[in-house]
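Let me begin by presenting the structure, written as structure tokens, before commenting on it.
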Amino acid sequence: MTDTAERRPERIVETAPAKINLALHVTGRRDDGYHLLDSLVTFAEDGDELTFETADSDSFRVVGRFGPELSGEDN
């Protein structure tokens, strides 16, 4: 194990504040099909809590009120 790996925290918890679009205008389309947007946003005090943990393999898990709907293979 390297010195860098030994110093990594086993768990990191961060808050991702909710973004609220106050205004959203589609102003055009790029050559690659994506839309050009003008947007006025604000951030709420509420949001999601993201937890990152070290593991031996890659995985993604959604936990919470809507977790079962969001964590399916088709999403």
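Going letter by letter, the sequence shown gives residues 297 to 371 in this note's numbering. Beta carbons are placed, not taken as given, at the ideal position from N, Cα and C, and that holds for glycine.
At the level of alpha carbons, what is the spacing between residue i and residue j?
| i | j | result |
| --- | --- | --- |
| Ala319 | Leu332 | 14 Å |
| Leu346 | Glu369 | 20 Å |
Check the DSSP bridge columns for residue i and list the partner residues they point to.
| i | result |
| --- | --- |
| Gly329 | Paired residues: none, contrary to the question. |
| Arg307 | Glu349 |
| Phe339 | Lys315 |
For residue i versus residue j, is the C-beta spacing smaller than 8 Å?
| i | j | result |
| --- | --- | --- |
| Ala314 | Gly360 | no |
| Phe348 | Ile308 | yes |
| Thr350 | Glu306 | yes |
For residue i, I'd like the list of residues in its chain whose CB is within less than 7 Å of its CB, leaving aside the five on either flank, ordered along the chain.
| i | result |
| --- | --- |
| Ser335 | Asn317, Ala319 and Leu320 |
| Glu310 | Leu346 |
Taking 8 Å as the limit between beta carbons, can you name the residues of its chain near residue i, skipping five residues before and five after?
| i | result |
| --- | --- |
| Gly324 | His331 and Leu332 |
| Leu366 | Val358 |
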